[in-house]
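Here the structure is laid out as structure tokens; the discussion comes afterwards.
Protein chains: 2
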Amino acid sequence: MVTIYDVAAKAGVSAATVSRVFNGIKVRPDMTEAVRKAAEELGFVPNRMARRLRTSSSEIIAMMIPDIENPFFTVMTRAVEDVARARGYSVMLCNTDEDPEKEQEYLRVAVSEPVAGVILAPSSIGTRLDLAIERGVPVVCVDRHAANVEADTVVADNLSGATAAARLLFEAGYRRVACVSGPKRVETADLRHQGWAAAYREANGAEPPDDLVIRTSYTVAGGAEATHRLLSLPEPPDAIFAANNKLASGVIRVLAAEGKLPPTVGLASFGGLPLVLLVPVGVLVTHLPARRLGEVAATMLLERIDGLKGPGREVVLPLVFGDEDEGIELIDGALAQTSRSS
Amino acid sequence: MVTIYDVAAKAGVSAATVSRVFNGIKVRPDMTEAVRKAAEELGFVPNRMARRLRTSSSEIIAMMIPDIENPFFTVMTRAVEDVARARGYSVMLCNTDEDPEKEQEYLRVAVSEPVAGVILAPSSIGTRLDLAIERGVPVVCVDRHAANVEADTVVADNLSGATAAARLLFEAGYRRVACVSGPKRVETADLRHQGWAAAYREANGAEPPDDLVIRTSYTVAGGAEATHRLLSLPEPPDAIFAANNKLASGVIRVLAAEGKLPPTVGLASFGGLPLVLLVPVGVLVTHLPARRLGEVAATMLLERIDGLKGPGREVVLPLVFGDEDEGIELIDGALAQTSRSS
DNA sequence: CTTGACTGTGAAATCGATTGCTGAAAGCAT
DNA sequence: ATGCTTTCAGCAATCGATTTCACAGTCAAG
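From first to last, the protein sequence lines are chains A and B. For reference, each letter of the first sequence is one residue, going 4 to 345 in the numbering used here. For reference, each letter of the second sequence is one residue, going 4 to 345 in the numbering used here.
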């Protein structure tokens with residue numbers, strides 16, 4: 004392993020000078036040249052570990068998401084990576100599996116790494132970021148909030164988006180619209196549930212009945228199982244509001260198997276369905292701004308890494324109706340519209 | 004920042020002892036206890052940079068894949084992460100975008116990081132791993148081979164799998180089966196193309212005509228565009244073999260829009276379709292062993308990291324017909340079967 | 001010609017953990 | 001009780017780069 008001392012010896016200068024050359028600090032031109040030449044000949048590559056130990060900085064951003072198999076999060080990750088990469092940062096991916104313990108474990112790893120910053124989709128509202136914040140590692144929450152308000156946060160406008168989506172079902176004439184949402188204490192699941200409830204009250208002028216709500220895991224199986232239960236109610240729903248893309252997939256499978264696809268039973272999917280083949284006619288798809296969430300989160304994190312101080316900021320991205328590929332669209336012409344969701 | 008010296012002071016021992024406790028080297032029980040307690044109270048987390056500088060080792064595995072938005076690769080990544088995590092390694096994700104330059108750049112970053120090892124799905128057969136291999140960083144290729152044979156490799160049996168899948172179309176009675184595959188010089192695209200050609204010769208006793216083959220990018224748009232072209236041939240195909248999941252998605256979209264879904268035009272998809280909603284009746288889906296590829300790759304890499312020497316090994320995973328979720332299945336009963344592809 | 005301001009170099013301390021070496025204490029046999 | 005081996009804590013060196021600080025040299029003003 005060739006070190007700056009080797010280079011220094013060969014160039015006839017001190018190690019400090021070599022370091023300065025490599026860090027763009029002013030050094031006499033002839034010395035600069037000698038150092039460059041010596042480094043070149045020796046094939047010198049600075050040791051990042053030594054550098055990091057000294058400066059206690061790194062060029063790695065930890066991205067912690069609950070489900071790497073959900074396209075929503077991978078699209079987001081892709082955006083983070085693009086932004087980070089352009090600034091010379093690498094992205095370390097961590098899959099928390101919606102498990103608070105795994106999440107804390109990853110946070111521990113991240114701070115002891117240490118990483119330059121963390122972008123995190125908290126597994127629950129109770130997620131504590133103290134580990135990172137105490138150590139001064141900037142954290143940006145994305146898609147969901149965490150307990151610590153010091154962290155910047157970027158979320159989609161779940162509440163009004165969900166209300167709007169559910170409302171569209173009511174406007175289409177459905178009355179008993181059920182809600183299939185994610186686990187309790189998962190913020191997006193709570194908010195989308197609330198959004199649906201608001202639309203329900205608005206349309207029916209009554210509190211939504213408990214039997215029309217199923218809170219389960221954000222999985223295809225969860226959506227399928229919920230749908231089975233809903234359809235076997237004494238008074239089954241005439242439409243279903245699915246709070247995320249995986250749930251919606253499960254719902255569609257069961258509806259199809261039962262021969263009750265829209266418009267027989269109405270359906271709204273909150274979250275786009277990438278690689279979708281045939282979205283049955285009549286499914287209302289709300290596209291979440293996954294890419295934008297990632298871009299904004301990465302940008303905010305880089306600002307913090309660059310030293311920006313101040314209280315936690317919050318960005319709420321709207322779900323624009325009919326927007327190119329991030330709004331809400333009503334699929335009613337078979338395939339024409341689905342091609343947007345590539 | 005609390006260091007081992009702080010812990011040592013508080014526990015009334017030397018820093019060396021604290022280090023030993025944390026590295027599982029025998030230390031008198033009462034001292035061990037005192038150190039644990041002091042570390043706990045101070046919230047001590049060892050600084051990995053210092054440790055790495057000293058031991059010149061790291062616990063990071065670089066995972067380099069061509070398309071983070073393709074579920075095939077994320078499932079694989081998930082498996083790698085699970086295996087790595089269990090052994091205390093973190094996974095750094097790199098998205099090469101099928102771009103050889105980006106890939107080399109990442110390799111450069113990886114070796115200067117340095118990482119403990121690299122798992123790579125090479126962007127092309129020409130990918131050079133010298134950068135890593137010269138530095139002694141172990142590399143495992145997954146899904147595709149690279150130029151350097153020193154690296155361990157784990158692939159699926161693309162050639163016979165593709166032949167088998169295409170053969171099923173011929174056995175179903177189709178004669179003009181077209182092939183839509185990925186870019187030239189991408190190994191999986193080449194092999195699946197060849198597999199299709201073998202089945203074609205076998206069935207028709209003639210060389211496959213050029214106009215039935217379209218090589219495009221592994222994207223939904225590529226599949227859609229290819230299908231348009233195929234359908235507008237003077238003598239259009241009566242079935243299509245799509246060489247990966249994204250291509251198949253594009254094909255299905257166009258077939259649906261044209262009202263030519265199977266069985267009007269037969270279709271085989273090489274690669275599972277996660278989150279699939281409604282796979283039209285009659286699509287032949289070949290599930291690739293994504294998870295297993297990741298597991299095997301990670302395991303082989305860890306063996307190398309642990310010091311295993313010897314020539315590059317190769318593992319070829321079979322595509323078992325009718326296997327639970329990694330074989331080939333013929334979807335002909337609407338939804339019953341698709342539920343396997345979760 | 002002297003003094004002060006300014007540049008830029010080199011010596012040495014430093015980041016925080018690991019580890020070779022030394023020697024004290026304990027264990028065991030004679 | 002003595003001598004020999006074994007065990008294990010502590011000291012100090014070390015990994016390789018960055019950075020503080022002291023100081024030499026240059027230049028302009030007085």
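Ideal placement from N, C-alpha and C gives every residue a C-beta, glycine not left out. Computed from a predicted structure; not experimentally measured.
Residue-level contact check: Ala53/B touches chain A, since one or more beta carbons of chain A fall below 8 Å from its beta carbon. In the structure shown, Arg218/B adopts extended strand secondary structure according to DSSP, grouped into three states. Taking a cut-off of 8 Å on C-beta distances, the region 108-124 of chain B does not touch the region 242-249 of chain B, as fewer than three cross pairs fall below it. Within 8 Å of the CB of Val189/A, no CB atom of chain B is found; the nearest one sits about 19 Å away. The beta carbon of Glu101/B lies closer than 6 Å to those of Pro69 and Ser126 in the same chain, with the five residues before and after it left out. His231/B counts as exposed, since fewer than 16 other beta carbons sit within 10 angstroms of its beta carbon. Beta-bridge analysis with DSSP links Phe244/B to Cys182/B and Ala271/B.
Under the Cβ criterion of 8 Å, Ile7/B is not counted among the residues facing chain A.
Interface flag for Pro49/B against chain A is set, since a Cβ pair is found closer than 8 Å. Apart from sequence neighbours up to five positions away, the residues of its chain that approach Arg131/B with a beta-carbon distance below 6 Å are Ala150, ordered along the chain. Residues are counted here when their Cβ sits less than 7 Å from a Cβ of chain A; for the region 68-89 of chain B these are Ile71, Glu72, Pro74, Thr77, Val78, Thr80, Arg81 and Glu84, given in chain order. For Leu123/B, the enclosing beta strand (DSSP E) has its first and last residue at Gly120 to Leu123. Not a single CB atom of chain A sits nearer than 8 Å to the CB of Glu137/B. Thr99/A is positioned such that its CB atom lies closer than 8 Å to that of Met67/A.
Proximity of chain B to Arg111/A at the Cβ level (cut-off 8 Å) is accounted for by Val48, in chain order. Using a Cβ distance threshold of 8 Å, Ser59/A and Glu116/A do not count as a contacting pair. By the Cβ criterion, the region 201-211 of chain B is not in contact with the region 297-310 of chain B, since fewer than three pairs of Cβ atoms, one from each stretch, lie closer than 8 Å. Look at the region 90-108 of chain A: the residues with a C-beta under 8 Å from a C-beta of chain B are Ser93, Val94, Met95, Leu96, Cys97 and Asn98. Contiguous beta strand (DSSP E) elements confined to the region 43-125 of chain B occur at 63-68, 93-98 and 120-123, taking only those with 3 or more residues. Within a 10 Å sphere around the beta-carbon of Glu84/B sit 16 or more other beta-carbons, which makes this residue buried.
Residue pairing by DSSP puts Glu317/B in a beta bridge opposite Thr156/B.
Under the 8 Å Cβ criterion, the region 150-160 of chain B counts as touching the region 313-323 of chain B, having at least three qualifying pairs.
In this structure, Thr20/A keeps its C-beta atom at 8 Å or more from the C-beta atom of Met4/A. For Thr230/A, the secondary structure class from DSSP, reduced to helix, strand or coil, is helix. When DSSP states are grouped into helix, strand and coil, Thr289/A belongs to the strand group. With contacts defined by Cβ atoms closer than 8 Å, Leu56/A and Asp160/A do not form a contacting pair. Taking the C-beta atoms as reference points, Gly253/A is found nearer than 8 Å to Ala224/A.
Using a Cβ-Cβ cut-off of 9 Å, Glu298/A is close to nothing in chain B; its nearest Cβ partner there is about 15 Å away.
Secondary structure note for Val10/A: its alpha helix (DSSP H) is the uninterrupted segment Ile7 to Ala14. Interface residue (Cβ-Cβ distance to chain A less than 8 Å): Glu44/B is not classified as such.
Per the C-alpha coordinates, the member of Ala300/A, Leu270/A and Lys263/A positioned closest to Ala175/A is Leu270/A. Measuring C-alpha to C-alpha distances from Val38/B to each of Ala169/B, Ile63/B, Asn50/B and Asp9/B identifies Asp9/B as the nearest.
The C-beta of Leu322/B has 16 or more other C-beta atoms within 10 Å across all chains shown, which makes the residue buried.
Within the same chain, Val5 and Val10 come within 6 Å of Phe47/A by CB-CB distance, once the 5 residues on both sides are set aside. In the three-state scheme derived from DSSP, where H, G and I count as helix and E and B as strand, Val21/B is classed as helix.
Around the beta carbon of Thr80/B, 16 or more other beta carbons sit within 10 angstroms, so the residue counts as buried.
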